[in-house]
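**Student:** Dropping a structure here in structure tokens format, bear with me for questions.
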Ligand code: NDP
Ligand code: 2IT
């Protein structure tokens, strides 16, 4: 029988190899470390997982597509962006994961997101594989017509790689209902097929699911509530800091407020807003969803209770709960130390990998409940899978039904992570619980399906 430390040595060698084989992809290295550093207990306990090549296959995407996306701006000038789709693992179902449009997108970023997505999707239990895509296109300041031309050009290549049984993209940073609409329109035009299940996050009335826009934020709040319940507490009366002001942040704030917590911050890349009376969601939605403006406009229009802090980070505002909902590595060691000093009880990741490894370590050492993104933010992709189910059955469910299913799925993910952590001698460690539980499901399917 191999010991845990021998197994960890093997995994460490593999991590070194991953760094050599994938140079200049720091986010992918970080995501691979974060998972492989927690797998030794399960690989040591179950010899079939030590089978040569299993984990090597898991860290190598099944397919990676990189393509040119030429488009014309409103002045008629030709612009060229780069498009990506990384089809990481389809052992459990069609590749599933969002598209990110942001200038920071590169292959390493998409691979980190696709790798995380494999385990997240496995945790939902809904039969979806892992993938991710996007472009270094920056939608900020672009007209609707420019965004439409970009999306049409992007889909003119992407369409040949996707399909309801093959690969099903959705939104992520910079891709919301507007972009999914343009992408779906172009797919339908090129293929001459009404294939609703090829994309999720569609609009109401043409195949979208109720509660999909809300699902990631709502799900994260339900996950945070489940972690608090384990400690004999609930959300009522807790103060929460939330970063970001996009899809995930907005519906995180909405659910926190509905469950009696006071969400006092939001942010974007220009800085943050703190509002001691609690964020006024109607105003925030008007500025962000309708006007596509910046958060300083919120402070200007809200009055005395709110102020805008240019360039600052929300983590300096004292709170019981922190829900990072913007982007990767937005909460570092110093931020974690500040949160701990201010008495934070739980940190739950709405964004993907927002907390640096050093910060995660500090929070866990301090006894803070920590919900990793692949568990805590899985509600979004889970409702995407429910959207696919509705599309397949040519039906649509009520909001109440979708919300009930979302709540059951989040409870089940929390229980799975909690119990798996206990089973592998890491009680209360949701990072270990999520990684091992997700890994077991994918690894079992990969072993059953042979060396492919
Ligand atoms: P949106 O584009 O709707 O919002 C993103 C928000 O984060 C904006 O406020 C944006 O500010 C801010 N932001 C993005 N990049 C940066 C950056 N580099 N520095 C500072 N602020 C930044 O995206 P979503 O809300 O959909 O996604 C947020 C996070 O949640 C991402 O990590 C995403 O991967 C994750 N996620 C999303 C899911 C979904 O269903 N949408 C599901 C699960 C996870 P600005 O406008 O100034 O750039
Ligand atoms: O990170 C994520 O889980 C998402 N952006 C949602 C993916 C999806 O397919 O709904």
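Residue numbers (my numbering): 8 to 459. We put the CB at the ideal spot given by N, CA and C, even for glycine. Note that the structure is predicted; figures quoted are calculated from it, not measured.
1. Considering only residues of the same chain and omitting the five flanking positions on each side of residue 252, which have a CB-CB separation below 6 Å?
2. So what does residue 279 bridge to, in DSSP terms?
3. Could you check what DSSP says for residue 116 in three-state terms: helix, strand or coil?
4. Is the separation between the beta-carbon of residue 232 and that of residue 242 shorter than 9 Å?
5. Measuring CA to CA, which of 224, 59, 55 and 335 is closest to residue 38?
6. Let me know the secondary structure DSSP gives residue 352 once reduced to three states.
7. For residue 304, collect the residues of the same chain with a Cβ closer than 8 Å to its Cβ; drop the 5 residues on either side in sequence, then sort them by chain order.
8. When you compare the CB positions of residue 78 and residue 203, do they come within less than 9 Å of one another, or not?
9. Can you give me the C-alpha to C-alpha distance between residue 244 and residue 436, rounded to a whole angstrom?
10. List the endpoints of the continuous alpha helix (DSSP H) containing residue 198.
11. Just curious, the beta strand (DSSP E) that residue 6 is in, first and last residue?
12. Tell me whether the stretch 99-118 and the stretch 370-378 touch, counting them as touching only if at least three CB pairs, one residue from each stretch, are closer than 8 Å.
13. Rounding to the nearest angstrom, what Cα-Cα distance links residue 404 and residue 51 in this structure?
14. Per DSSP, what kind of secondary structure is residue 77 in: helix, strand or coil?
15. Under 8 Å: does the beta carbon of residue 179 sit that close to some heavy atom of the ligand NDP?
16. Once DSSP output is grouped into helix, strand and coil, what is the label at residue 458?
17. Run through the DSSP bridge pairs and tell me what residue 139 is partnered with.
18. Kindly indicate which three-state DSSP category residue 363 falls into: helix, strand or coil?
19. With H, G and I counted as helix, E and B as strand and the rest as coil, what does DSSP make of residue 108?
20. DSSP state of residue 341, grouped into three classes?
21. At a cut-off of 8 Å, is residue 176 close to the ligand 2IT when judged by its beta-carbon and the heavy atoms of the ligand?
22. For residue 381 and residue 209, what's the separation of their Cα atoms in angstroms?
23. Check each candidate in 83, 99, 193 and 225 and name the one with the smallest Cα separation from residue 409.
24. Since residue 134 and residue 100 should fall inside the 8 Å C-beta cutoff, what is the C-beta to C-beta distance between them, to a whole number of angstroms?
25. Using the Cα positions of residue 27 and residue 291, report the straight-line distance between them to the nearest angstrom.
26. Sorry if obvious, but does the Cβ on residue 359 come closer than 8 Å to a heavy atom of the ligand 2IT?
27. Name the two residues that bound the continuous alpha helix (DSSP H) containing residue 230.
28. So, using beta-carbon positions, are residue 205 and residue 180 closer together than 9 Å?
29. Looking at the ligand NDP, does it come within less than 8 Å of residue 120, judged from the CB to the closest heavy atom?
30. What do you get for residue 282, buried or exposed, if any count of 16 or more other CB atoms within 10 angstroms of its CB means buried?
31. With contact counted as at least three CB pairs below 8 Å, one residue from each stretch, are the stretch 18-34 and the stretch 82-102 in contact?
32. Looking at C-alpha atoms only, which residue of 363, 328 and 184 is the closest neighbour of residue 350?
33. Taking 6 Å as the limit between beta carbons, can you name the residues of its chain near residue 383, skipping five residues before and five after?
34. Which of the three DSSP states is assigned to residue 102 in this structure?
35. Measure the CB-CB distance between residue 315 and residue 307 and report whether it falls below 9 Å.
36. Please classify residue 13 as buried or exposed, where buried requires at least 16 other C-beta atoms within 10 Å of its C-beta.
**Tutor:** Walking through what the data contain:
1. 273, 275, 295 and 302
2. 274 and 316
3. helix
4. yes
5. With distances taken between CA atoms, residue 38 lies nearest to 335 out of 224, 59, 55 and 335.
6. coil
7. So the list reads 294 and 298, once near-sequence residues are dropped.
8. no
9. 25 Å
10. 184-198
11. This structure cannot speak to residue 6, because the chain is shown only from 8 to 459.
12. no
13. 44 Å
14. strand
15. yes
16. Three-state DSSP puts residue 458 in coil, outside helix and strand.
17. Bridge partners of residue 139 according to DSSP: 93.
18. coil
19. strand
20. helix
21. At a threshold of 8 Å, residue 176 counts as near the ligand 2IT, since its beta carbon sits closer than that to one of the ligand's heavy atoms.
22. 23 Å
23. Here the closest residue by C-alpha is 225.
24. 4 Å
25. 45 Å
26. Distances from the CB of residue 359 to the heavy atoms of the ligand 2IT include at least one below 8 Å.
27. 219-237
28. no
29. yes
30. buried
31. no
32. 328
33. 227, 230, 355 and 356
34. strand
35. yes
36. Exposed is the call here.
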